[in-house]
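Residue numbers (this note's numbering): 4 to 328.
Now the structure itself:
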């Protein structure tokens, strides 16, 4: 006979969102249980983040509920280690006890309750379910014609730590979001020859522009904030089109984020390396020439690379186990 664990709320995921939800519920004396598939909290930051990663938002925007403000000595833009230490202190302060190594295989609603099953054969029942597993559950690698025959190294950004092993090598970074652009910079800093694939338009802003925009959004409509920030970025980065980088014509960075989900690239030094020629911008990949290290691009040119690194994001894992009528 199966053992059923009963609670009021089951929370799936022990990242910042899941932990914060648990604390808020506990403050209201609502029983809750966190199920985490890994053996640690905040596993994305601890297991799949590159070494130089920092928060792109200032620390005052990154407080968890009921926690004291960040210490004055904490850097404005927290490093990976600072942020994970902050999360650990949050777990300790509020005595949060997630159930680790609990991979959810099924969550379904019926008879007025949620039934959650795990790979360990455990069953949890609850009135409410909170999915806090995030958008970054499963690394996504797009299909590229001929990739299976590529003669070099292929790697997703989730497995990248730093550019030390790529020193002196030609590396193609596929993906021009924040991770791709920052990894390109890190590769360059470690002596690699980096190229970044850019297929479509995106916004590039500085941290200062984002900070200004966030402050203004408290008092001004988004369309006006967008106009101001986009104008600043257009002036500051006015030469980017000649390097193959264009911004969306119809929407500013904040509206573009809210309607498409695409976050603007926050430049931390990559643009200067592109301007200096240390990082190359290339068009979309057409194919990999079979049995070689040669990549053919959409403009018909070909180049040889020692490695291809996919900074192409993740997909949520929830659709593989969440059953919603």
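Backbone N, C-alpha and C define an ideal beta-carbon position, used for all residues, glycine too. Please read all numbers here as calculations on a predicted model, not as lab measurements.
Helix, strand or coil: which one does DSSP assign to residue i?
i: residue 248; result: coil
i: residue 127; result: strand
i: residue 117; result: strand
i: residue 175; result: strand
i: residue 143; result: coil
i: residue 310; result: strand
i: residue 261; result: helix
i: residue 300; result: strand
i: residue 59; result: coil
i: residue 73; result: coil
i: residue 327; result: coil
i: residue 206; result: coil
i: residue 289; result: strand
i: residue 64; result: helix
i: residue 213; result: helix
i: residue 6; result: coil
i: residue 110; result: strand
i: residue 305; result: strand
i: residue 315; result: coil
i: residue 13; result: strand
i: residue 243; result: helix
i: residue 158; result: strand
i: residue 132; result: strand
Please state whether the Cβ-Cβ distance between residue i and residue j is less than 7 Å.
i: residue 136; j: residue 247; result: no
i: residue 25; j: residue 37; result: yes
i: residue 249; j: residue 204; result: yes
i: residue 173; j: residue 196; result: yes
i: residue 258; j: residue 130; result: no
i: residue 161; j: residue 283; result: no
i: residue 193; j: residue 216; result: no
i: residue 61; j: residue 93; result: no
i: residue 132; j: residue 327; result: no
i: residue 177; j: residue 268; result: no
i: residue 47; j: residue 139; result: yes
i: residue 55; j: residue 191; result: no
i: residue 21; j: residue 45; result: no
i: residue 159; j: residue 300; result: no
i: residue 103; j: residue 42; result: yes
Following the continuous alpha helix (DSSP H) through residue i, name the residue where it begins and the one where it ends.
i: residue 185; result: 181–192
i: residue 277; result: 273–279
i: residue 2; result: Residue coverage of the chain in this structure runs from 4 to 328, which leaves residue 2 outside it and unanswerable.
i: residue 1; result: The structure shown does not extend to residue 1, since the chain is modelled only from 4 to 328, so the question has no answer here.
In the DSSP assignment, find the unbroken beta strand (DSSP E) run with residue i in it and report its ends.
i: residue 236; result: No beta strand (DSSP E) contains residue 236, which is instead part of the alpha helix (DSSP H) from 225–239.
i: residue 283; result: 282–285
i: residue 196; result: 196–200
i: residue 38; result: 35–38
i: residue 26; result: Not the beta strand (DSSP E): residue 26 falls in the alpha helix (DSSP H), residues 19–30.
Rounded to whole angstroms, what's the CA-CA distance from residue i to residue j? Just pull it up for me.
i: residue 31; j: residue 164; result: 40 Å
i: residue 222; j: residue 115; result: 42 Å
i: residue 256; j: residue 134; result: 28 Å
i: residue 290; j: residue 279; result: 28 Å
i: residue 28; j: residue 311; result: 44 Å
i: residue 336; j: residue 75; result: Outside the shown range of the chain, which is 4 to 328, sits residue 336, and nothing can be said about it.
i: residue 200; j: residue 288; result: 8 Å
i: residue 379; j: residue 127; result: Here the chain covers residues 4 to 328 and nothing more, so residue 379 does not appear.
i: residue 57; j: residue 40; result: 24 Å
i: residue 224; j: residue 261; result: 13 Å
i: residue 68; j: residue 23; result: 6 Å
i: residue 117; j: residue 98; result: 25 Å
i: residue 252; j: residue 213; result: 19 Å
i: residue 220; j: residue 228; result: 7 Å
i: residue 388; j: residue 105; result: Within the shown structure, residues of the chain are numbered from 4 to 328, placing residue 388 beyond reach of any answer.
i: residue 147; j: residue 322; result: 24 Å
i: residue 181; j: residue 245; result: 20 Å
i: residue 101; j: residue 263; result: 33 Å
i: residue 179; j: residue 281; result: 16 Å
i: residue 170; j: residue 50; result: 23 Å
i: residue 59; j: residue 73; result: 16 Å
i: residue 266; j: residue 9; result: 39 Å
Does residue i get closer than 7 Å to chain B when you measure Cβ to Cβ?
i: residue 114; result: You won't find chain B in this structure, because it holds only one protein chain.
*Inter-stretch contact at 8 Å, needing at least 3 Cβ pairs: the region 267–275 / the region 181–199*: Touching, per the Cβ criterion.
_Touch test, the region 77–93 against the region 108–128, Cβ-Cβ under 8 Å, three pairs minimum_ = When C-beta atoms of the region 77–93 are compared with those of the region 108–128, fewer than three pairs fall below 8 Å, so the two segments do not count as touching.
*Counting pairs of Cβ atoms below 8 Å between the region 309–325 and the region 135–152, do you hit three or more?*
The region 309–325, when compared against the region 135–152, does touch it at the 8 Å Cβ threshold.
*asked:* For the region 146–166 against the region 280–300, do three or more pairs of beta-carbon atoms, one drawn from each stretch, fall closer than 8 Å, so that the two count as touching?
replied: Output reads yes: the region 280–300 touches the region 146–166.
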